[in-house]
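Read through the structure below, which is laid out as structure tokens, and then see the notes.
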Amino acid sequence: MVELPELSLPDHPRLAQNITHFARALRKAGLSIGPGRVVDAVQAVAATGFTSRQDFYWALHACFVTRPEHRTIFAQVFRLYWRDPRFLEHMMAALLPAIRGVQEEQLAKPGEKRAAEALLDGANPQVDPPEGSKEDGSEIEVDATLTISADERLRSLDFEQMSTDEVARAKRILETLRLPVKPLPTRRHQPAVLGVRADWRRTMRLACGTGGELRTIARSKPRQRWPNLVVLCDISGSMSQYSRIVLHFLHAVSNAKGAGWARVHGFTFGTRLTNVTRHLATRDVDAALAAAGAEAQDWEGGTRIGDCLHDFNRDWSRRVMGAGAVVLLITDGLDRGDPEALGREMQRLQLSSRRLIWLNPLLRWGEFAAKAQGIRAMLPHVDSFRAGHSIASLEDLARVITDERDSGEKARLLAQV
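Our numbering applies: residue 19 is where the sequence shown begins, and numbers increase by one.
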């Protein structure tokens, strides 16, 4: 066994222990960190010094962060662990039950709940019971008329505000969710014993084998075909957490037996378009999403919706949009490109598809209005405009995905424009 050299930091002897505890918190938050990276981090801090907070941050960032999707978690854990000395006191107080009355829950920042869980793992706040709860045998009556269950709250909770445990529970629920689709009628027919139409050509061919004697009349029925499902998922910085969970849901849909879709095609886009269809065919969801994330090098980058849609219409539209495909476009629509070019690409995408459904997480806000130029350019060219920020919104999508009468919030927002 190779012995590692001892690291001595005489000015701050407990700094190595703090970095080790910080690395454990990152590992609990989802980052793959082993003992070797902890040693590298201590050596990096010893080499660069820790008088500058910025140098200290990027030294640890270079040692612990290996994937773009881990940047947000690292930033939140670093801020909570190193920058707020009273963090544990605040979080322990937040975990205490509120007995003064009903108060509005404060929403956490992206990744903050997962960072808090990692830092508070194993910490169980001890709360003294109210007087008379045990000694005198009296009971406390709680009015639960207007309360909701944990599953109902989880279904309506924003993906961005979920903790690590809530994200895992949400993924298990999404694995059982299906997107039902109705078959499309065609002009072609197929043999059927109880068909509604006589197939005279096949009847005459059968008669040739019996010397021209008509012993039976062959029948047929209209042949049905199933459309393709094409998903275009935005993986830019503002859509990162939503994209991970939606891709998990897409993997479950693509591997579901008897779902009805002819084939499910998945594409991610940020600054460039990436086809991840072959990765979604992998049965293991972790391996599938890991391979998709490795191929999509623009994860948590910028957004070029118009250019990416142009690449899709030029290179992939004729390959995957046949047979009346249904397209799910998952993005917030915040694009800084040319709005006229974006509108043209959206119009071409709509004309190539049977239904174009836009899922926008920004619809979680009741005061949402189509003020951004990108949203104004895209909105007129979609068939349905719906929210896509929670389990409940995806369940609503499953109910109306093939309903041609459904337009979601499109009419209301167009009226405002």
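Think of the CB as a built atom: it goes at the ideal place given N, C-alpha and C, for glycine as much as any other residue.
All figures in this text were calculated on a predicted structure; none of them were measured in a lab.
- Residue environment analysis places A387 among the exposed positions, since fewer than 16 neighbouring C-beta atoms fall within 10 angstroms of its C-beta.
- Of the other Cβ atoms in all chains shown, fewer than 16 fall within 10 Å of the Cβ of N36; this residue is therefore exposed.
- Using a C-beta cut-off of 8 Å, the segment 358-373 makes contact with the segment 326-336, since at least three inter-stretch Cβ pairs fall below that distance.
- Between the segment 270-288 and the segment 394-411 there are fewer than three inter-stretch CB-CB distances shorter than 8 Å, so the stretches are not counted as touching.
- The C-beta separation of G288 from D252 comes to about 7 Å, placing the pair in contact by the 8 Å criterion.
- Here the C-alpha atom of Y75 lies approximately 9 Å from the C-alpha atom of V63.
- No Cβ-Cβ contact shorter than 9 Å links L202 with L247.
- Residue burial is scored here from C-beta neighbours: P209 has fewer than 16 other C-beta atoms within 10 angstroms and is therefore classed as exposed.
- Considering only A188, L291, R237 and S402, the residue with the shortest C-alpha distance to T420 is S402.
- Taking the Cα of A395 as reference, the smallest distance to any Cα among E385, D414 and K428 is reached at K428.
- In the DSSP assignment, the residues bridged to W376 are L347 and F403.
- Under the rule that a run must span 4 or more residues, the alpha helix (DSSP H) segments found entirely inside the segment 44-96 read 53-66, 71-82 and 89-96.
- With contacts defined as CB atoms closer than 9 Å, L397 and V344 fail to qualify as a contacting pair.
- Per DSSP, the unbroken alpha helix (DSSP H) holding F330 starts and ends at I323 to D333.
- In this structure A270 is buried. Its beta-carbon is surrounded by 16 or more other beta-carbon atoms within 10 angstroms.
- A216 sits in a strand when the DSSP states are folded into three classes.
- In this model, T38 and V56 are separated by some 6 Å (Cα to Cα).
- Scanning its chain for C-beta atoms nearer than 7 Å, with the 5 sequence neighbours on each side dropped, one finds around R290 the residues D316 and C326, in chain order.
- The beta-bridge partner set that DSSP reports for S238 consists of P209 and R215.
- The residue among K239, R71, L250 and R205 with its C-alpha nearest the C-alpha of N378 is L250.
- Rounded to whole angstroms, R215 and C226 show a C-alpha spacing of 21 Å.
- In the three-state reduction of the DSSP assignment, P357 falls in the helix class, which pools H, G and I.
- A residue is called buried once 16 or more other Cβ atoms fall within 10 Å of its Cβ, and L369, having fewer, is exposed.
- D252: member of the beta strand (DSSP E) spanning L247 to D252, first to last residue.
- DSSP places V185 in the uninterrupted alpha helix (DSSP H) bounded by T182 to E193.
- Counting the other CB atoms within 10 Å of its CB gives A188 a total of 16 or more, which places it among the buried residues.
- Note that the C-beta distance between P245 and R372 is below 9 Å.
- Secondary structure note for F267: its alpha helix (DSSP H) is the uninterrupted segment S258 to S272.
- Non-local beta-carbon contacts of S174 in its own chain, meaning distances under 6 Å to residues more than five positions away in sequence, involve S408 and A410 in chain order.
- I51 counts as buried, since at least 16 other C-beta atoms from the protein chains shown sit within 10 angstroms of its C-beta.
- In the three-state DSSP reduction, P398 falls in the helix class (H, G or I).
- Of the other Cβ atoms in all chains shown, 16 or more fall within 10 Å of the Cβ of L44; this residue is therefore buried.
- Note that the C-beta distance between S272 and A299 is below 9 Å.
- With respect to Q61, F177 sits apart: the two C-beta atoms are not nearer than 9 Å.
- F285 sits in a strand when the DSSP states are folded into three classes.
- The continuous alpha helix (DSSP H) containing T295 extends over residues T295 to L298.
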